[in-house]
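Residue numbers (the numbering used here): 88 to 435. C-beta: ideal position from N, C-alpha, C; glycine also. Please read these numbers as outputs of a predicted model, since none were measured by experiment. Report on the structure given below.
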Amino acid sequence: MHYFKLFNSCRVVKGAENSLIYDLERMDNSNSIPSSVYEILTEHIDKPVEEIKTAYNNEYDIVIDEYFEFLIKNEYIFYCDKEELELFPTVDYEWKSPKNITNSIIDYDGTITISDYKEFIKELSVLGCVAIQIRSFVSLTLVELKEFMFLFNETSIINIELILKFNEDLIDSEIIDLQKQYPRIRKMNIYSSPEDRDEYFINYLKEDINPENDCGKVDSKFFSIGFDTFAEAQCHNTCLNQKVSVDKNGLIKGCPSMSQSCGDIKQNTINEVLEQKILQKPWTINKDEVEVCKDCEYRYCCTDCRVFTDDKNNPYSRPSKCNYNPYQGLWKGEERYVDVVEYLVNEK
């Protein structure tokens, strides 16, 4: 008899309407599945296929065969003998980090000088930070960009993303040479550009965005499916966990868009801020606790925003910039889509 096991790199997550198979090794191989497939993969795990068919009174044999054909074809499951089942124990994805801080955002508009960030960046490195996003609200010259990048010399930070306002005096070749000189720069988004285009690692956008107010958008193109994100999302907030940031005025916050600050980079160290325990409060707010998100199949790959929410007074309120309705399994723009707030009111 055919028994089956899920590959350990695959996880199934149930949503209100649909479910999702996460392929944590191959993000592009993740797929939405009907709840009936979720039921088979969870309630009937370690059972032979023929026994599963019998459980449904053999009324859906053809459909079940199609399900298994799909699961095998996409390498979500494999067949094995009964005696082999115990040879493939399920891996427990427990997330742990030896670091105090892993990521950060720095906002800049010229209110404080670039050199004012020096000690903050140095302390980020000491605390173990590896990834940082720099968002500029003003056009930076090549000299200013180099001044910023120089601050990261001899630090632990290996991944820098730049979000910059377009500067017509800054040409592609200069930017590419900058990246060669500072390979920590992994990605660059340049907004308010004359045209939309991609060049090497540079993404030019015509859109005139405001990074401070435009974050928190929920879109499938921002989803991150992988072992680290999936494990972290079980018990932590995937946006704010182990994050410390600086807004354009030099105020230390979890996210620059937050109204509450915990210190000033000219007066306080990051360690002093961490001792207050205020910054860490949202770190453990996970999607299983957030309204609506807890019913969504995308909850372990979606970056959660705690700034732009439906109810500012509720720490577990739904992200207000989400355009997905998990109760319908539909995105905004799809036929029959109803905004989730309106949908829940109508369901009462």
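By the CB criterion at 8 Å, Glu378 and Ser404 fall inside the cutoff. Between the alpha carbons of Tyr278 and Cys302 lies a distance of about 14 Å.
Annotated three-state conformation of Glu210 is helix, per DSSP. Boundaries of the alpha helix (DSSP H) around Lys160: 148-160. The beta carbon of Ser117 is closer than 7 Å to those of Leu107, Ile108, Tyr109, Asp110, Ile312 in its chain, skipping five residues each way along the sequence. In the structure shown, the three-state DSSP call for Pro121 is strand. Distances from the CA of Glu359 to each of Thr371, Ile372, Lys340 were compared; the closest alpha carbon is that of Lys340.
The alpha-carbon separation between Tyr90 and Lys169 amounts to approximately 6 Å.
As the crow flies, the alpha-carbon of Asn355 is around 12 Å from that of Val333. According to the DSSP assignment, Asp110 belongs to the beta strand (DSSP E) that extends over 105-110. Taking the Cα of Cys216 as reference, the smallest distance to any Cα among Glu384, Asn328, Val427 is reached at Asn328.
Burial check for Ser344: the Cβ neighbour count within 10 Å reaches 16 or more, so the residue is buried. With a cutoff of 8 Å on beta-carbon distance, Ala103 and Tyr414 are scored as near each other. Counting along the chain, no beta strand (DSSP E) covers Ile296, and no H or E run does either. For the 8 Å CB-CB criterion, Phe235 and Ile352 do not form a contact. For the pair Ser243 and Ser191, the Cα-to-Cα distance works out to about 13 Å. The continuous alpha helix (DSSP H) containing Ser260 extends over residues 259-268. A direct Cα-Cα distance of roughly 23 Å separates Asn433 from Val305. Spanning the alpha carbons of Glu173 and Lys92 requires a straight line of approximately 10 Å. Cβ neighbours of Glu112 within its own chain (closer than 6 Å, five residues either side excluded): Ser96.
With fewer than three CB-CB distances shorter than 8 Å, the segment 153-164 does not count as touching the segment 175-183. The closest CA to that of Leu238, considering only Ser202, Lys267, Gln268, is found on Ser202. Just measuring C-alpha positions, the residue of Leu211, Tyr430, Asp391 sitting nearest Glu319 is Asp391. CA-CA distance, Thr189 to Leu361, rounds to 14 Å. One Cα belongs to Thr198, the other to Asp259, and the distance between them is close to 27 Å. In this structure, Pro270 keeps its C-beta atom at 8 Å or more from the C-beta atom of Asn324.
From the listed residues Ser307, Lys186, Asn240, Glu146, the smallest Cα separation to Lys209 is found for Asn240. In the DSSP assignment, Gln220 forms a beta bridge with Ile192, Glu248.
Between the alpha carbons of Pro121 and Val100 lies a distance of about 11 Å.
Rounded to the nearest whole angstrom, the C-alpha separation of Asn276 and Ile250 is 5 Å. For Gly350, the beta-bridge partners assigned by DSSP are Ile339. Taking the Cα positions, Asn187 is about 21 Å away from Asp194.
The straight-line gap separating the alpha-carbon atoms of Leu128 and Tyr287 is approximately 42 Å. Linking Glu255 to Asp295 through their CA atoms gives a straight-line distance of about 15 Å. Between the alpha carbons of Gln220 and Glu248 lies a distance of about 5 Å.
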